[in-house]
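Structure first, then comments.
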Amino acid sequence: MTEFIDIFDKNGNPTDEVLEKNEAERLGKLHRTAHIWIINQNGELLLQLRAANKKLSPDTWGVSAGGHVQHGETTIQAAIRELNEEIGIKISAEKFVKIFTTLSNNNPHINDVFLVRLDLPTSAFKFNDNEAVAVKYVQ
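Next comes the structure, spelled out in structure tokens:
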């Protein structure tokens with residue numbers, strides 16, 4: 178599936194340019210991503226093990242969920258979609274608290290980072306073979 182994304186300037190303003198995701202990455206064009214950190218009532222952080230076939234950081238533990246914001250999406254809409262695609266859960270927009278925005282050091286991403294407080298056992302998560310393969314809580 179071809180994924181199109183909106184391009185932004187260094188101040189985070191849309192440029193009205195829309196590119197295919199891989200082309201934007203290749204050209205180093207700034208675009209938005211959503212990162213979601215899930216924390217349970219014990220203060221434990223949920224990490225996901227990325228699938229071996231992922232281009233970026235395969236077979237590594239990382240954010241609870243995250244991904245590119247598609248053309249026309251808000252970062253909240255992308256966060257909701259990514260949680261469902263990667264770890265099989267659906268959460269309403271009200272559960273997301275945006276904690277900061279940062280520019281990535283090693284790729285052309287403007288990262289909107291969200292915190293979600295959620296109490297689910299690891300057995301409640303379902304995985305798409307192309308995304309995540311496991312989750313775990315850490316202190």
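So in my numbering, spot 128 of the sequence shown is number 305, and the numbers just go up one at a time.
Using N, Cα and C, we set each Cβ at its ideal position, and we do this for glycine too.
Remember, it's a predicted structure, so these values are computed and weren't measured experimentally.
Roughly how far, in whole angstroms, is the beta-carbon of residue i from the beta-carbon of residue j, given that I think they are within contact range, below 8 angstroms?
i, j, result
"residue 195", "residue 184", "7 angstroms"
Considering only the alpha carbon of each residue, which of the options lies closest to residue i?
i, options, result
"residue 273", "287, 267, 253, 238", "253"
"residue 243", "287, 315, 296", "287"
"residue 209", "187, 179, 245, 193", "245"
"residue 190", "200, 299, 179, 206", "206"
"residue 297", "192, 280, 266", "266"
"residue 179", "201, 269, 301", "201"
Taking 8 angstroms as the limit between beta carbons, can you name the residues of its chain near residue i, skipping five residues before and five after?
i, result
"residue 241", "213, 214, 215, 222, 223, 224, 225, 260, 264, 293, 312"
"residue 181", "195, 196, 197, 198, 247, 248"
"residue 235", "227, 228, 229"
"residue 203", "none"
"residue 268", "257, 260, 293, 295"
Going along the chain, which residues of its own chain have a beta-carbon closer than 6 angstroms to the beta-carbon of residue i, five neighbours each way excluded?
i, result
"residue 291", "213, 256, 273, 275"
"residue 279", "288"
"residue 218", "296"
"residue 277", "290"
"residue 186", "192"
"residue 188", "none"
"residue 284", "none"
Any idea which residues DSSP pairs residue i with across the strands?
i, result
"residue 185", "191"
"residue 149", "Residue 149 lies beyond the range of the chain shown here (178 to 316); nothing can be said about it."
"residue 210", "245, 288"
"residue 293", "215, 273"
"residue 231", "According to DSSP, residue 231 bridges with nothing at all."
"residue 196", "182"
Tell me which same chain residues have a C-beta within less than 7 angstroms of the C-beta of residue i, skipping the five on either side of it?
i, result
"residue 310", "226, 228, 304"
"residue 302", "264, 265, 266, 312"
"residue 239", "224, 225, 227"
"residue 262", "305, 308"
"residue 211", "243, 244, 246, 252, 255, 256, 259, 289, 291"
"residue 127", "Beyond the ends of the chain as shown, which are 178 and 316, falls residue 127; an answer cannot be given."
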